[in-house]
Amino acid sequence: MMDLLRQELKDYMDSEDRLLVWPCGRRYRDLALEYIASKFETGRSYTLQEVNAIINRFHSFDQAAMLRSELFENGLLDCTSDGSEYWKVGP
81 MMDLLRQELK
91 DYMDSEDRLL
101 VWPCGRRYRD
111 LALEYIASKF
121 ETGRSYTLQE
131 VNAIINRFHS
141 FDQAAMLRSE
151 LFENGLLDCT
161 SDGSEYWKVG
171 P
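The working numbering applies: residue 81 is where the sequence shown begins, and numbers increase by one.
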């Protein structure tokens, strides 16, 4: 799965597998979100700082808050009502 995501996103990634830009098309945005979500472990809780650190490790355009929000809005991450704890949704 990871190799397929990297292949699909190759035009948007650098040699270190970081997203260089936020894709324009919905299809590629969804793939980019799946790629970032794949970096989180299922069954583990994360703090806001840990979530931002993981997101920042896999993109280079300084938009951790936007990406975190997109992950949440697309049902890939969930969090407590106060935002103190995050976790990956699904496998």
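C-beta atoms are modelled at their ideal positions from N, C-alpha and C, and glycine is treated no differently. Since the model is a prediction, treat every value here as computed from it, not as a measurement.
Please report the straight-line C-alpha distance between residue i and residue j, rounded to a whole angstrom.
| i | j | result |
| --- | --- | --- |
| D83 | S118 | 12 Å |
| K90 | C159 | 30 Å |
| E96 | I116 | 14 Å |
| L113 | R106 | 10 Å |
| V101 | T122 | 26 Å |
| R124 | K168 | 7 Å |
| P171 | Y108 | 20 Å |
| R98 | E88 | 13 Å |
| F120 | F138 | 11 Å |
Check the DSSP bridge columns for residue i and list the partner residues they point to.
| i | result |
| --- | --- |
| D158 | W167 |
Exercise for review: Specify whether the region 127-136 and the region 144-155 touch according to this definition: at least 3 beta carbon pairs, one from each stretch, less than 8 Å apart.
Suggested key: yes
- [ ] Determine, using beta-carbon pairs with one atom in the region 135-146 and one in the region 160-170, whether at least three such pairs fall under 8 Å.
- [x] no
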